[in-house]
Amino acid sequence: MANEGFFQKVYEVAKLIPYGRITSYGAIANYLGASGSARMVGWALNGSDKENVPAHRVVNRKGLLTGKHHFQGTNLMQQLLESEGVEVVDNQVQDFDKLYWDPMKEL
DNA sequence: TCGGTGACATCCT
DNA sequence: TAGGATGCCACCG
């Protein structure tokens with residue numbers, strides 16, 4: 109695992125996100141020691157769907173579902189979050205600070 | 001091998 | 001305070 113690529117680490121962390129919880133790209137990047145390179149996390153999640161990773165639980169620092177456009181359905185990402193009890197309005201997660209899951213803190 | 005790309009974050013004006 | 005521009009680093013062709 110530790111020898112896996114940067115992407116694999118992102119997948120592992122994303123998979124550890126609890127049900128009904130969300131996190132941010134920066135949090136994962138920081139956890140992986142790539143603080144400031146949050147873009148890598150986003151790019152990693154680009155292929156996360158192949159790894160069965162809940163990329164819909166990963167949003168930007170504002171709680172905005174910036175990556176929804178990369179999902180199959182336009183509102184698929186929102187639907188998935190709502191299915192988990194996460195309120196999403198206008199592609200933005202409500203109670204973001206409350207549902208926020210910090211890997212650095214939890215792990 | 002090298003350059004471009006990318007779903008953000010942060011600094012500066 | 002708000003908006004725009006730049007930088008981070010790993011994968012793909």
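Here this note's numbering is used: the first residue of the first sequence is 109, the next is one more, and so on. Just so it is clear, CB atoms sit at the ideal spot from N, CA and C, and this is done for glycine as well. It should be emphasised that the depicted structure is a prediction, and the values quoted were computed from it without experimental measurement.
If you draw a straight line from the alpha carbon of L124 to that of I136, how long is it in whole angstroms?
-> 11 Å
Of all the beta strand (DSSP E) runs that stay within the bounds of the region 125–178, which reach a length of 3 or more residues?
-> Unbroken beta strand (DSSP E) stretches of 3 residues or longer found wholly inside the region 125–178: none.
With C-beta atoms as the reference, is E159 less than 8 Å away from Y119?
-> With contacts defined as CB atoms closer than 8 Å, E159 and Y119 qualify as a contacting pair.
Excluding the 5 residues preceding and the 5 following H178 in the sequence, name in chain order all residues of the same chain whose CB lies nearer than 7 Å to its CB.
-> Same-chain partners within the cutoff: N154.
Tell me, please, which residues DSSP counts as bridged to V201.
-> Beta-bridge pairing by DSSP links V201 to V196.
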